[in-house]
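Accompanying notes for the structure given below.
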Amino acid sequence: MSNKIEQYNPSAKEIVNDWKVVDANGQTLGILASNIATMLMGKHKPNYVPHMLTGDYVVVINASGIKVTGMKSEQKLYTRHSQYPGNIKKIPYNRMPSSKVIQLAVKGMLPKNKLSSKMLKRLKIYDDSNHPHSAQLLGTENRLNSKKESLSSGLKSNKSSKKKNDIPSSATSEENKVSAKATTTKAKTTKPKATTAKAKTTKPKATTTKVKED
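See the structure below:
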């Protein structure tokens with residue numbers, strides 16, 4: 023008997039890419055980036071596989087209200103190099119756009135493969151609460167609501183069918199009483215008839231002995 027486990031590969035119909043909104047106002051950069059990376063990869067879903075795009079679209083609003091811990095706001099530097107001598111560039115955190123800061127933090131937490139660029143394209147970052155993705159978010163909300171309604175109706179139908187199949191306790195108790203009465207009437211004890219044996223008394227015969235006279 024083989025102990026091999028078959029690999030699960032979801033079909034295209036099973037993969038549903040939802041749209042989610044994340045408010046970055048007052049959140050820490052590292053925690054926010056890790057949560058966004060999880061949603062982009064799809065690790066929060068039961069049908070997650072690492073070689074397919076099972077993640078969601080993420081819309082980040084209020085990116086300007088992001089926070090960092092410690093002295094990172096003054097000491098953190100973003101460096102890049104064009105591979106030409108003397109072309110290194112260092113930009114401090116204060117001068118970096120907040121949208122670029124979040125994008126770089128999320129990019130560092132995504133897998134280093136061909137899917138990372140496709141996942142990163144699903145990340146939409148905006149400095150304020152205005153964004154042009156309200157239609158996509160509304161479609162996701164409607165789909166989830168319809169799914170909840172179908173699940174609730176299915177549960178109600180299952181409960182009603184169980185109630186029909188189950189016999190109530192009062193009816194079962196009455197049936198038990200009737201069956202008990204029927205058994206008591208059938209099982210009546212028959213009294214044995216008194217058998218009087220007539221004992222015949224045999225009277226002993228009188229034996230008379232004749233005495234001879236001399």
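Numbering (this note's numbering), first residue to last: 23 to 236. Where a beta carbon is used, it is the ideal one built from N, C-alpha and C, also for glycine.
Please report the distance separating the alpha-carbon of H103 from that of I110. Residue mapping note: residue 103 aligns to position 81 of the sequence shown, counting from 1. Residue mapping note: residue 110 aligns to position 88 of the sequence shown, counting from 1. Spanning the two alpha carbons is a distance of roughly 4 Å.
Which residue or residues does DSSP assign as beta-bridge partners of T50? For the purposes of this step, residue 50 is identified with residue 28 of the sequence shown, where counting begins at 1. DSSP output for T50 lists K89 as bridge partner(s).
For L99 and P114, which I take to be in contact (beta-carbon distance under 8 Å), what is that distance rounded to the nearest angstrom? Sequence index remark: in the sequence shown, residue 99 carries index 77 (1-based). Sequence index remark: in the sequence shown, residue 114 carries index 92 (1-based). Contact holds; Cβ gap of about 6 Å.
Rounded to whole angstroms, how far is the Cβ of L132 from the Cβ of L62, which I believe are closer than 8 Å? Within the sequence shown, numbered from 1, the residue matching residue 132 stands at position 110. Within the sequence shown, numbered from 1, the residue matching residue 62 stands at position 40. For a cut-off of 8 Å, the C-beta gap from L132 to L62 is around 7 Å, short enough to register as a contact.
Should I88 be labelled buried (16 or more other beta-carbon atoms within 10 Å of its own) or exposed? Position 66 of the sequence shown, counting from 1, holds the residue named residue 88. I88 is buried by the Cβ-count criterion.
Nearest-angstrom beta carbon gap, L159 and V43 [assumed within contact, 8 Å]: As a first step, residue 43 must be located in the sequence shown, where it is residue number 21. As a first step, residue 159 must be located in the sequence shown, where it is residue number 137. The pair is a contact, with the Cβ atoms about 6 Å apart (cut-off 8 Å).
V16: first and last residue of the uninterrupted beta strand (DSSP E) it sits in: The chain is shown only over 23 to 236; residue 16 falls outside these bounds and no answer can be derived.
Mind checking who R117 pairs with in its DSSP beta bridge? Walking along the sequence shown from the start, residue 117 turns up at place 95. DSSP output for R117 lists no bridge partner at all.
With distance defined between alpha-carbon atoms, name the residue in A59, D78 and I27 nearest to T162. As a working mapping, residue 162 is identified with position 140 in the sequence shown. Closest option to T162, Cα to Cα, is D78.
Cβ neighbours of N57 in the same chain (closer than 8 Å, five flanking residues each side left out): For the purposes of this step, residue 57 is taken as residue 35 along the sequence shown, with counting starting at 1. The residues are V44.
For K112, collect the residues of the same chain with a Cβ closer than 8 Å to its Cβ; drop the 5 residues on either side in sequence, then sort them by chain order. Here residue 112 corresponds to residue number 90 of the sequence shown, with the count starting at 1. Counting only Cβ-Cβ distances below 8 Å, and skipping sequence neighbours, we find L99, Y100 and T101.
Tell me the DSSP secondary structure of V80 in three-state form. As a working mapping, residue 80 is identified with position 58 in the sequence shown. Strand.
Round the Cβ separation of A46 and V80 to the nearest angstrom and send it over; I've been treating them as touching at under 8 Å. Residue mapping note: residue 46 aligns to position 24 of the sequence shown, counting from 1. Residue mapping note: residue 80 aligns to position 58 of the sequence shown, counting from 1. Contact check for A46 and V80: beta-carbon distance about 11 Å, past the 8 Å limit, so the pair fails to qualify.
Pick from L51, K122, M118 and A34 that is closest to V71, judged by C-alpha positions: Counting from 1 along the sequence shown, the entry for residue 71 is found at position 49. Minimum Cα distance to V71 is reached at A34.
Which of the three DSSP states, helix, strand or coil, is assigned to I110? The count along the sequence shown starts at 1 and reaches residue 110 at position 88. Three-state DSSP puts I110 in a strand.
Three-state secondary structure (DSSP) at I27? Your numbering for residue 27 matches position 5 in the sequence shown. The three-state secondary structure of I27, taken from DSSP, is coil.
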